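In my numbering, the protein residues as written are 700 to 1053. Glycine included, C-beta positions come from ideal geometry on N, C-alpha and C. Source: prediction; values computed, not measured. Structure first, commentary second.
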Ligand code: F6P
């Protein structure tokens, strides 16, 4: 029999992402419509430890969808990974009669959510990060807005490059993943893109710029991902400048890409994920992560999602795969391989379009 829920909590943790507020709104409205109260937990797991809470009423969440960032604020909380931090968090839940939690964020957030579930507080995760780097889901909240920002800024840079016959090398966020770089490179018509997942043929990129300049192209955009290291973009800029003889400038977009009005895609996906998370939680389920797979919103086992992620990122820990049956491991390996192939295909497209 499903546990009776009277009050749930919701938090946003890790790097903020446009669209998180739509998820918060939907979590609140879906729970309230089932007669369940909702407490917003401030500053992610930090607020869970310190007991900083805010009641989410229909009035409080009205009009928050167009806002970027997160009305609950966010944090990367190291204390939550300690036994002492966990004890304090569980205590906050007991004191405030929080029967379950929806945790919105990236893989670190999900690790926290599953730990909390194992300490008796049922949790469900929602993927919210501009990086789109959670292997179990095709999409993470914030990715579309971030890419639209990158494309808009790349278009602006192209304007001035055209006037001055220059090349702009643009570095974008994404942590160790190149999704933002590769997809916005295609959309912005970049001449080349470099991402951490696929070896970059720098000579070929320089040759292509030389050839296109000879053919009359004035403006060039090159996209690079921050995962290649802080010096990569600047060195490449110098090389294009010196060898291709195209005057070049380096632009690091950094956190500017994390702000901005959320797009329809982010608001809608966040809302659908929020609704699904609450439905699953109130039906007695936990330790799940809400994902988009093949355009459908589905709930997946959080442990599977975390191990799949580590498998894809070559960060498996001892005993990770032993927890699953042979059949599940085969499925997991296939899924990781499909994601690798998808990234390679995007990379090939991006570097061929030029
Ligand atoms: O995970 C989102 C992200 O914006 C990454 O793209 C980036 O590497 C990181 O967060 C930056 O973190 P911080 O906001 O702590 O500087």
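Any heavy atom of the ligand F6P closer than 8 angstroms to the Cβ of residue 925? By 1-based counting over the chain shown, the position of residue 925 is 226. Because some heavy atom of the ligand F6P lies under 8 angstroms away, the Cβ of residue 925 counts as near it: yes.
Please confirm whether residue 702 and residue 827 have their CB atoms less than 9 angstroms apart. Translated into positions along the chain shown, residue 702 becomes position 3. Translated into positions along the chain shown, residue 827 becomes position 128. Their beta carbons are not under 9 angstroms apart, which means residue 702 does not touch residue 827 by this criterion.
Let me confirm a value: residue 729 is counted as buried when at least 16 other C-beta atoms fall within 10 Å, else exposed. Which label applies? As a first step, residue 729 is located in the chain shown; it is residue number 30 there, counting from the start. Looking at its Cβ environment, which holds 16 or more other Cβ atoms inside 10 Å, residue 729 is buried.
Mind checking residue 975: buried by the 16 CB within 10 Å criterion, or exposed? On the chain shown, residue 975 is found 276 positions in, with the first residue counted as 1. Its Cβ being crowded by 16 or more others within 10 Å, residue 975 is buried.
Leaving out five residues on either side along the sequence, give the residues of the same chain with a beta carbon under 7 angstroms from the beta carbon of residue 767. As a first step, residue 767 must be located in the chain shown, where it is residue number 68. Here the set comprises 717, 958, 959, 960, 961.
Quick check on residue 871: buried or exposed, where buried means 16 or more other Cβ atoms within 10 Å of its Cβ? Translated into the one-based positions of the chain shown, residue 871 becomes position 172. Per the 10 Å Cβ criterion, buried.
Whether or not the segment 897-906 and the segment 838-850 are in contact is what I'm after, with contact meaning three or more pairs of Cβ atoms, one per stretch, closer than 8 angstroms; do they touch? no
Rounded separation between residue 1051 and residue 916 - CA only: As a first step, residue 1051 must be located in the chain shown, where it is residue number 352. As a first step, residue 916 must be located in the chain shown, where it is residue number 217. If I take the Cα positions, the gap works out to 16 angstroms.
So what does DSSP say about residue 776, is it helix, strand or coil? Locating residue 776 in the chain shown gives position 77, counting from the first residue. Coil, per DSSP.
Taking C-beta to C-beta, are residue 945 and residue 866 nearer than 9 angstroms? Along the chain shown, one-based indexing puts residue 945 at 246. Along the chain shown, one-based indexing puts residue 866 at 167. For residue 945 and residue 866, yes; Cβs fall inside 9 angstroms.
What residues sit near the ligand F6P, counting only those whose C-beta is closer than 7 angstroms to one of its heavy atoms, in chain order? 713, 714, 775, 805, 828, 829, 830, 872, 873, 874, 925, 954, 957
Would you report the Cα separation of residue 1011 and residue 762, rounded to the nearest angstrom? Locating residue 1011 in the chain shown gives position 312, counting from the first residue. Locating residue 762 in the chain shown gives position 63, counting from the first residue. Approximately 38 angstroms, taken between the alpha carbons.
According to DSSP, is residue 833 part of a helix, a strand, or is it coil? As a working mapping, residue 833 is identified with position 134 in the chain shown. Of the three classes helix, strand and coil, the one that applies to residue 833 here is coil, per DSSP.
Within 10 angstroms of its Cβ, does residue 724 collect 16 or more other Cβ (buried), or is it exposed? In the chain shown, counting from the first residue as 1, residue 724 sits at position 25. Its Cβ being crowded by 16 or more others within 10 Å, residue 724 is buried.
Going by CA-CA distance only, name the one from 963, 982, 829, 1027 that's closest to residue 707. The residue you call residue 707 lines up with position 8 of the chain shown. When only C-alpha atoms are compared, the closest one is 982.
Please report how far the alpha carbon of residue 895 lies from the alpha carbon of residue 940, in whole angstroms. By 1-based counting over the chain shown, the position of residue 895 is 196. By 1-based counting over the chain shown, the position of residue 940 is 241. Those two C-alpha atoms are separated by around 23 angstroms.
Near residue 922, which residues of its chain fall below 6 angstroms by C-beta distance, leaving aside the five closest residues on each side in sequence? Here residue 922 is taken as the residue at index 223 of the chain shown, counted from 1. Answer for residue 922: 869, 880, 884, 889, 892, listed in chain order.
Using the Cβ count rule (16 or more neighbours within 10 Å means buried), how would you classify residue 786? Here the question's residue 786 lines up with position 87 in the chain shown. Flag for residue 786 reads exposed.
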